[in-house]
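Before any comments, here is the structure.
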Amino acid sequence: MPTVRSGGTVVSWEEIGAADGRPVLVVHGFASNSAQNWRRSGWETALADAGLRGIAVDLRGHGGSARPAGPDNYRAALLVTDLVAVLDAVGADEAGYLGYSLGSRLGWMLALAQPRRIRRLVLGGFGPTSPLAEVDLEAARAAVFRGTPILHPPTAALISLASLVPGNDVGVLLDVAEGVGRDTVSVLPADPAPAAPMCIVNGDRDTIAAGGEALARAVGAHFVPVAGRSHTSAVSSRTFKEAATVWLTR
1 MPTVRSGGTV VSWEEIGAAD GRPVLVVHGF ASNSAQNWRR SGWETALADA GLRGIAVDLR
61 GHGGSARPAG PDNYRAALLV TDLVAVLDAV GADEAGYLGY SLGSRLGWML ALAQPRRIRR
121 LVLGGFGPTS PLAEVDLEAA RAAVFRGTPI LHPPTAALIS LASLVPGNDV GVLLDVAEGV
181 GRDTVSVLPA DPAPAAPMCI VNGDRDTIAA GGEALARAVG AHFVPVAGRS HTSAVSSRTF
241 KEAATVWLTR
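Quick note: the sequence shown uses full-length UniProt numbering, first residue 1, plus one each step.
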């Protein structure tokens, strides 16, 4: 996978879809990676068929990117800076954006910080409140490093998620959760919204991204529900792929 240095941290990405297509920055969710979130969910074919060049990033702390220790290395502003560095490295002055969960939250922030770089947004698994806000990180670290039983369901769910993908470093992912959690706790309808045309796509059984439809109405975004899908299963759905590729090819 190609890499770029962003503030001294190595960030990797891979290209999926049409090599000569319109560029789209593609960003996975927490504790996932580009291959797990996109390739294994059928997005390479979907993007190629739509004539889109997917630039699928591994966020720092994930996949093939560097995993520096400490939550200060995972502040959301640093992750957004990494995404800009990847756009620069591939020579994309402007791109569409496709994100899921944490990747969607970072896309919102990137489009606010760099409005000329982001043409259109598709934000999947996205609601006004970050699930990281509910996690007891002290209890999570006690469980991971000392084997202390977890009595808090959101914290247990986070550790389970962080342990799911082979090769994940759960300790580093707790640093990610703390770092980005300081900056991405919530998005309120009263907050400034990106100027780029935006489509939010959520499973109708997604309790993690609850409130996404109301947020879309409040900020003038298009909303697409995915019937019968949860936060973990919506990303692979045909409905999501069709909604995203139609939106990004306009």
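Cβ atoms here follow ideal geometry from the backbone N, Cα and C, with glycine treated the same way.
Selection from the options that minimises the alpha carbon distance to residue i
i, options, result
"S230", "R205, V176, G211 and A210", "R205"
"A193", "W13, S233, G51 and L106", "L106"
"S130", "A76, A18 and R117", "A76"
"D183", "H62, L102, N33 and A143", "L102"
"G181", "D88, L78 and D82", "L78"
"L98", "F126, M1, T81 and V90", "F126"
"D72", "V226, A177, I208 and R119", "A177"
"R67", "W247, V144, V187 and S6", "S6"
"E44", "E15, A69, A89 and P166", "E15"
"G211", "T232, G228 and V187", "V187"
"Y74", "P166, G179 and D82", "G179"
"A157", "T232, T249, A69 and L248", "T232"
Opposing strand residues paired with residue i [DSSP bridges]
i, result
"S12", "T3 and D58"
"L52", "R22"
"P225", "N202"
"S186", "T129"
"V27", "V57 and G99"
"G212", "Answer is none; G212 lacks a bridge partner."
"G17", "R53"
Integer Cβ distance of residue i from residue j, believed to fall under 8 Å
i, j, result
"L25", "V4", "Contact flag wrong, Cβ pair sits at about 13 Å."
"A31", "N202", "In fact, because the Cβ distance is near 19 Å, the residues do not count as touching under 8 Å."
"R196", "L121", "In the sequence as presented, Arg is not what sits at residue 196; that position holds Ala. A196 to L121, Cβ: 5 Å. Contact."
"residue 254", "G29", "Because the chain is modelled from 1 through 250, residue 254 falls outside the range shown and cannot be assessed."
"A18", "L52", "6 Å"
"S163", "V170", "6 Å"
"S12", "P2", "7 Å"
"residue 251", "G63", "In the structure as shown, the chain begins at 1 and stops at 250. Residue 251 is therefore absent and cannot be evaluated."
"H80", "L110", "The question names His, but residue 80 is Val in the sequence shown. Indeed they touch by this definition, with Cβ atoms about 5 Å apart."
"R117", "A142", "Actually they are not in contact, since the Cβ atoms of R117 and A142 sit about 41 Å apart, beyond 8 Å."
Beta-carbon contacts of residue i that lie in its chain and below 6 Å, excluding the five residues immediately before and after
i, result
"F223", "I200, E213 and A216"
"V219", "A193"
"T155", "V135, D136, A139 and A140"
"G21", "G51, L52 and R53"
Own chain residues within Cβ distance below 7 Å of residue i, not counting five before or after
i, result
"S236", "S41 and G42"
"H152", "D136 and A139"
Closer than 7 Å: residue i CB and nearest the ligand MG heavy atom
i, result
"A193", "In terms of ligand content, the structure shown is empty, and the ligand MG therefore cannot be addressed."
Nonlocal neighbours in the same chain, by C-beta distance under 8 Å from residue i, ignoring five residues either side
i, result
"A234", "G124, G125, V201, N202, G203, D206, V226 and F240"
Taking only runs of the alpha helix (DSSP H) that begin and end inside the region 85 to 127, which ones reach a length of at least 4 residues, in chain order?
102 to 113
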